[in-house]
Amino acid sequence: MKKVTRLTLVSALIISALTLMGVFSTAAQEESVLVIGFEQEPPNLWPLNTLTYGGLAESFYSRDLWDWDVNREIYPIMVTEIPSVENGRIAINDEGNTVVTITLREGMLWSDGMPITAADCEIWHTIRFDRSTSTNVSRNAYPDVVLDFSIDENDPLTFSITYSGTFPDVLVAPEKPECRYPAHVFGPMIEDGGILEDSPYFVGGMDFDGLKTVSYGPYSLAEWNIGENMVMVKNPNWDGPEPAWDRIVIPFITDSAQMRNALTVGEIDVAFGWSDNLQPDYAAIENVETIAIPGVYSDALWIRMGEIGNSDEHGGTALMDPRVRQAIAHAIDRRSLAEELVAPGVMVPTSWYPPSLWPEDLPFLEYDPELAAQLLDEAGWVLNEDGIREKDGVTLDNLRFVTTENELRNNYQLFIQEYLAEVGIGVDIQIIPATTLFATFSDGGTLTNYQWDLAIFANSANALAPTSYDDYKCKGIPSPENPDGFNPWQFCNERYDELDALIATTLPGPERDALVEEAVRLHWEGFFWHGLRLRATWFAVDTTVVNPESVANYTGSLASNWFNQIEYWEAAS
Amino acid sequence: MTKYIIRRIIQAIPLLVLITILIFGLLKLSGDPFAAQMIDPNVSEEDMAYRRRAAGLDDPLPLQFIHWYLGDDWYQRDLRPNNDPCLADSTVVCAWGEFDGEVDTPGTRKGILRGDFGISLRFQRPVVEVIQDRLPNTLILASTALTTTILLGVAIGMLAALRPYSLFDNIVTTLSFVTFSMPIFLIALLAVFVFSVKFKEWGLPYLPTQGMYDPRGDRSLDELLIRLILPTFSLAAIQIAAYSRFIRASMLEAINSDYIRTARAKGLTNRRIVLVHAFKNASFPLITLVALDIPAYLGGAVVTETIFSWPGMGKLFIDSLTNLDPPILLAFTLLVAVSVVFFQLLADIVYAWVDPRVRYT
Amino acid sequence: MTTKVASLRQPENEVEVHSIWQIAFRRYRKHRMAVLGTFILFAIILFVTVGTLFYSEAAGNKTRLRGREAPPGSIIQDRDLGDIRMIMGTDAAGRDVLIRMIYGGQISIAIGVTSMIISITLGTLIGLLSGYFGGVVDRFLSSVTEVMLSIPALILLLVLSSAFREDTTTVEIFGRTISRTVIYVVLLIGATSWMRLSRIVRSQVLSLKEQEFVQAARAIGVRDLAIVFRHLLPNIIAPVVVAATLGIGTAIITEAYLSFLGFGVQPPTATWGNILNGALNQVESRWWLWVFPGFFITSTVLAINFIGDGLRDALDPRSIE
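Chains as they are written, first to last, in my numbering: chain A, 238 to 810; chain B, 5 to 365; chain C, 144 to 464.
Quick look at the structure:
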């Protein structure tokens with residue numbers, strides 16, 4: 238046994254020596270560093286793509302003309318003042334088109350020291366306007382609604398963009414003016430007929446040269462070691478508030494158990510975007526505080542209310558009856574579910590529209606199983622001897638209830654299944670990968686091919702403008718002729734379509750408010766959207782490194798602008 | 005000998021071709037890579053169609069396969085749709101059909117035979133570069149894990165064989181069976197929980213949870229070594245069990261064989277017998293075992309690398325699979341398959357070289 | 144376990160004849176680990192089968208909003224049954240972990256057994272055909288085997304799974320509604336794990352083919368099929384039995400790996416593997432959610448490995464005294 242002892246001793250020595258070496262070698266850091274764990278690595282950094290983690294990385298090194306704070310209040314960044322009708326910067330010209338005039342602040346520099354002028358904004362306009370310059374930039378209606386871009390002859394910092402017709406949401410629409418990338422980097426490339434995606438600017442790797450990532454923001458992207466991390470360093474040419482850390486390191490940690498472990502041992506200082514049910518676990522870590530930032534997504538129970546997709550096997554025409562859809566909402570104790578499954582105090586939304594737009598008297602459909610039963614009886618769906626709702630030989634025992642792979646949603650599914658069973662409605666639970674569930678009609682998406690009756694997922698509302706999407710318009714119903722439509726619930730109301738068109742062309746004021754109120758009501762009366770919870774973005778911060786209050790006050794609450802005020806975050810005192 | 009090696013290499017070629025066909029076919033089954041790239045839904049249909057065609061995804065399947073092999077720089081593709089109004093009139097046959105009849109660009113790929121494995125859809129970089137970034141990381145982890153496994157496996161196996169059915173042997177055997185029967189991710193996460201999270205809580209020196217280097221910037225060798233401990237432990241835990249069992253069995257067999265009995269009769273000490281003669285005998289099959297294991301390590305430990313955020317081949321593979329990046333998957337699988345074939349060949353040669361009983365045929 | 148047989152051909156010498164199976168059984172009994180493994184496995188199989196007599200699957204799917212994540216042994220309120228004690232605690236939806244272990248275990252073990260059957264059938268058949276017929280058949284089958292062997296099994300399995308994981312419908316088997324992914328997982332594990340056995344079988348058949356009894360059978364014109372099944376198959380049964388046993392364990396653990404990497408059996412169908420995977424986020428605070436599935440997977444696979452080890456020793460022709 239002597240040999241065994243010796244062997245054990247030697248290996249124990251080696252291990253402890255290495256351990257000690259590691260512990261002491263991390264001492265003596267001069268630079269201040271903040272480490273933020275990302276759960277996913279962005280595949281690329283193409284500008285304005287809607288991939289969440291690409292947008293999150295971008296918000297460290299790029300700032301735009303203006304942005305929104307945690308309360309969704311607009312604030313200026315690169316402009317002298319926010320354009321408005323009052324200050325004359327938003328005006329309707331003689332042809333009835335909307336002209337917005339923007340003046341850049343003086344003295345701003347790109348991270349490589351070149352001055353920022355309206356010419357830079359022009360190149361970004363060109364890229365968004367001309368489809369041949371990039372296939373990935375998200376343009377929405379930009380090429381269709383923008384008529385003209387011009388730089389003031391007397392002032393190289395002032396430019397104006399003309400939008401066709403009355404365009405009230407010029408500050409918030411996806412087609413809003415933007416000025417994110419330097420003309421001296423992209424201009425020559427575009428002129429040579431190249432496309433944006435070919436620029437080495439957006440591609441990481443061992444030999445990634447951060448200097449190419451010329452931008453205007455508190456930090457610059459210095460390194461991107463693919464599969465490992467991104468490193469941001471202070472941008473010397475940034476004229477905004479001085480950020481608190483010299484460097485920000487973003488390691489990619491895909492395993493969610495490991496994300497928490499890393500925060501526990503202090504390898505990272507901030508973990509964010511983790512699911513609600515982990516809140517007690519994160520809060521239990523020593524020196525860690527958790528913060529919830531309300532978001533723009535609400536998980537909801539969606540009901541396929543239209544005719545397409547009906548079959549006697551799955552309840553026939555039952556869901557076309559608004560009383561049945563209303564009964565479903567009354568049958569589920571949504572407030573208790575949110576309280577128990579998510580966290581106390583979580584908001585259960587009444588309408589898909591952001592709360593600021595709800596009319597005061599818009600009722601919440603409270604849990605009331607008796608009312609639910611009564612509504613179902615009225616609709617002719619009565620209990621049969623098996624305790625299942627039945628009408629004309631069709632039973633309501635096999636509604637297809639779909640959602641994505643997500644523990645919380647799956648638990649919601651289970652509880653809703655039981656609540657509905659109480660009133661005599663049976664559902665069949667299916668869990669479907671997001672790529673299949675949300676795929677378009679031609680790609681065989683579950684929703685768009687009407688292979689469902691009930692669903693749980695989130696569809697973000699426009700938190701800044703009262704306009705809606707084609708997802709709620711008659712023309713959005715997917716079909717072979719309309720393979721990209723995404724209104725599989727088939728909410729189709731001509732008055733609503735008309736209202737939305739009016740809202741999109743009415744300047745803010747009481748007239749528009751009335752239109753909005755009517756639209757919100759019509760949407761609500763469809764009873765195809767029953768809110769389950771307003772989703773929050775969770776942050777867990779190490780309070781020995783970061784002042785948690787500064788995180789709570791300076792964090793974006795839109796879909797992917799969470800780090801848009803990172804320069805205001807404070808180090809722990 | 006040379007003739008033998010050459011013949012074996014020639015034999016391996018059709019095998020590799022078959023492997024590529026299999027992998028290519030499997031990936032085509034996996035669906036549309038463009039749909040899986042989560043490309044912005046606002047990208048217009050025309051843009052998507054253009055990109056698909058430019059990437060060669062609309063070519064006939066056999067042609068795609070040939071392009072992958074030989075490249076498509078000799079192949080002329082018509083990319084732009086026919087905007088001729090005649091297309092809208094269904095009563096006439098248009099001159100160029102769906103596309104405008106003008107060749108836009110010849111392809112740019114050279115094909116794997118000329119060393120071009122294509123461009124990764126996800127990273128937009130040449131696949132070769134992406135793999136070059138990752139392979140060293142995997143090699144670091146794999147060589148550490150393999151060395152640890154062999155050293156500890158052999159040592160434990162030898163000790164167990166020296167005193168079969170002793171307390172030590174029984175404990176080691178049971179332990180090796182237990183680790184061998186546990187999922188590696190459970191071992192790994194429990195190890196992190198104990199040696200990082202709990203050790204820190206107890207005020208002991210603790211190990212880092214994941215990553216290859218300290219995110220705060222320390223990229224020193226010490227840092228790397230310390231971060232190797234937990235991944236190596238989880239990789240080796242299972243393999244040590246297998247190796248020590250193997251060594252123990254083949255040493256016991258050797259100890260009970262005639263020539264060892266003769267050696268003992270001649271008065272050689274027990275330890276010498278075990279160390280020299282029995283181990284020599286047992287080491288031949290060990291070579292084969294190691295050679296067969298190396299390619300699996302090269303492919304990267306998918307599970308271990310995922311848990312420890314180790315930027316190696318295994319993580320690259322699983323990320324490319326979830327994002328469906330066929331150029332990377334094809335190159336990756338081919339690399340692993342080639343190394344399987346290569347190490348198999350190497351094992352045979354080394355085996356023949358060290359064991360005089362084997363002849364080249 | 145000895146039998147006295149009066150052989151007709153040797154009437155003058157009454158001898159004790161031990162069939163190979165009797166010898167093997169005796170040796171197996173002496174293998175302490177194997178006997179222990181047999182008992183463990185037996186107990187687990189009892190747990191997942193007899194358990195269903197006490198608890199229905201519906202009871203296992205029953206959610207309790209106010210009894211979520213209750214630690215083992217705690218008493219929670221059930222709206223139909225009143226206060227009940229949860230021996231293994233409840234999960235995030237308030238479901239009884241004990242019942243989930245029973246029904247999840249059924250699926251895990253079923254995956255192990257059925258994919259083993261596929262793998263053994265393929266491996267034996269391909270090995271037999273390839274070894275017995277030789278020539279073109281052998282060359283074709285051997286190269287298929289080699290191609291499949293050249294890609295590590297987990298990688299092959301993952302690439303294949305990615306092609307099938309989007310089918311999320313359910314099927315009804317033996318009165319249980321289960322996710323169709325179970326079938327895919329079984330087929331895929333079976334289809335990617337037969338190669339080593341087929342090689343062993345092939346080499347055994349190659350050497351058996353040259354032996355006298357086969358040559359004799361051929362000479363008197365016995366049909367190929369009859370030779371394969373009557374003479375060759377019985378003689379290669381030992382490696383097949385060992386491979387079959389170990390194959391069950393490998394398949395159970397492989398299913399757990401697939402679940403971990405997101406390619407396994409999809410909920411709502413529970414397996415030990417996907418229950419375990421869902422629990423690893425909360426190692427400390429919800430320890431019972433990983434301890435139980437982890438224990439069941441490890442002990443089942445451990446028992447199977449013990450049994451396989453015992454069988455290997457017991458059936459090894461070289462060590463028959």
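We treat Cβ as the ideally placed atom computed from N, Cα and C, and that holds for glycine. A quick note: this is a predicted structure, and the numbers were derived from the prediction, not measured.
Between the CA atoms of residue j and residue i - distance to the nearest angstrom
i, j, result
"Ser512/A", "Ile311/A", "28 Å"
"Asn374/A", "Leu297/C", "Reading off the sequence, residue 374/A comes out as Val, not Asn. Between Val374/A and Leu297/C, the C-alpha separation is close to 37 Å."
"Ser262/A", "Ala508/A", "Confidence is the limiting factor: at Ser262/A the pLDDT is only 47, short of 50, which leaves the residue's position unreliable and the question unanswerable from this model."
"Asp44/B", "Ala671/A", "The predicted model places Asp44/B with a pLDDT of 49, which falls under 50 and marks its position as unreliable, so this point remains unresolved."
"Phe386/A", "Pro478/A", "31 Å"
"Pro212/B", "Asn327/B", "29 Å"
"Ala146/B", "Lys7/B", "32 Å"
"Ile666/A", "Val365/C", "57 Å"
"Asn724/A", "Pro596/A", "24 Å"
"Met584/A", "Leu771/A", "6 Å"
"Leu282/A", "Gly292/A", "8 Å"
"Ile273/C", "Pro66/B", "Contrary to the premise, residue 273/C reads as Ser rather than Ile in this sequence. Taking the straight line from one Cα to the other gives about 30 Å."
"Ile242/B", "Ile218/C", "39 Å"
"Thr554/A", "Val382/A", "41 Å"
"Ser493/A", "Trp415/C", "20 Å"
"Val201/B", "Gly215/B", "15 Å"
"Glu526/A", "Leu645/A", "22 Å"
Partners in chain B for residue i, counting only beta-carbon separations shorter than 7 Å
i, result
"Ala399/C", "Pro187"
"Val290/C", "Leu19, Leu22, Ile23 and Leu26"
Neighbouring residues, chain B, relative to residue i (Cβ below 9 Å)
i, result
"Leu301/C", "Val306, Phe321, Ile322 and Leu325"
"Thr501/A", "Ser200, Val201, Lys204, Glu205 and Thr213"
"Asn448/C", "Phe181, Phe184 and Ser185"
Within chain C, partners of residue i - CB distance below 9 Å
i, result
"Ala521/A", "Glu427 and Ser428"
Partner residues on chain B for residue i, Cβ-Cβ distance less than 8 Å
i, result
"Asn226/A", "Residue 226/A falls outside the range modelled here, since chain A spans only 238 to 810, and no answer is possible."
Minimum C-alpha distance to residue i - residue among the options
i, options, result
"Gly210/C", "Lys173/C, Arg238/C and Phe185/C", "Arg238/C"
"Phe4/B", "Arg138/B, Leu320/B and Thr153/B", "Within the shown structure, residues of chain B are numbered from 5 to 365, placing residue 4/B beyond reach of any answer."
"Asn330/A", "Glu359/A, Arg376/A, Pro352/A and Ile398/A", "Ile398/A"
"Val422/A", "Ser369/A, Gly402/A, Ala410/A and Gly350/A", "Gly350/A"
"Gly437/C", "Arg172/C, Arg207/C, Gly453/C and Gly248/C", "Gly248/C"
"Leu302/B", "Leu229/B, Leu179/B, Gln136/B and Trp72/B", "Gln136/B"
"Glu257/B", "Ala335/B, Leu166/B and Arg231/B", "Leu166/B"
"Asn647/A", "Ile487/A, Thr587/A and Leu538/A", "Leu538/A"
Chain C residues whose Cβ lies nearer than 8 Å to that of residue i
i, result
"Ile242/B", "Near Ile242/B there are no residues of chain C at all, since even the closest Cβ is about 10 Å away, more than 8 Å."
"Val182/B", "Thr441 and Leu445"
"Ala146/B", "Within 8 Å Cβ-Cβ: nothing; Ala146/B doesn't reach chain C, min ~13 Å."
Chain-ordered neighbours of residue i on chain A, where CB pairs are closer than 9 Å
i, result
"Tyr169/B", "Residues of chain A passing the Cβ test: none, with the nearest at roughly 15 Å."
Proximal chain A residues relative to residue i, where beta-carbon distance stays under 7 Å
i, result
"Leu340/C", "Near Leu340/C there are no residues of chain A at all, since even the closest Cβ is about 34 Å away, more than 7 Å."
"Pro436/C", "Under the 7 Å cutoff, chain A gives no residues; its nearest Cβ is about 15 Å from Pro436/C."
"Leu193/B", "Ala494"
Taking 8 Å as the cut-off, does the stretch 734 to 746 of chain A touch the stretch 511 to 530 of chain A (at least 3 CB pairs, one atom from each stretch)?
no
Closer than 8 Å is the cut-off here; do at least three beta carbon pairs connect the stretch 553 to 573 of chain A with the stretch 705 to 725 of chain A?
no
Quick check on the DSSP output: what are the complete beta strand (DSSP E) runs of length 3 or more inside the stretch 187 to 274 of chain C, in order along the chain?
218 to 221 and 225 to 228
Should the stretch 230 to 250 of chain B be called in touch with the stretch 307 to 326 of chain B, which here means at least 3 C-beta pairs below 8 Å?
yes
Three or more C-beta pairs closer than 8 Å, one from the stretch 283 to 302 of chain B and one from the stretch 189 to 200 of chain B: is that the case here?
no
Three or more C-beta pairs closer than 8 Å, one from the stretch 514 to 525 of chain A and one from the stretch 761 to 771 of chain A: is that the case here?
no
Runs of 3 residues minimum, wholly inside the stretch 624 to 705 of chain A: which ones carry the beta strand (DSSP E) assignment?
626 to 628, 636 to 640, 664 to 668 and 691 to 695
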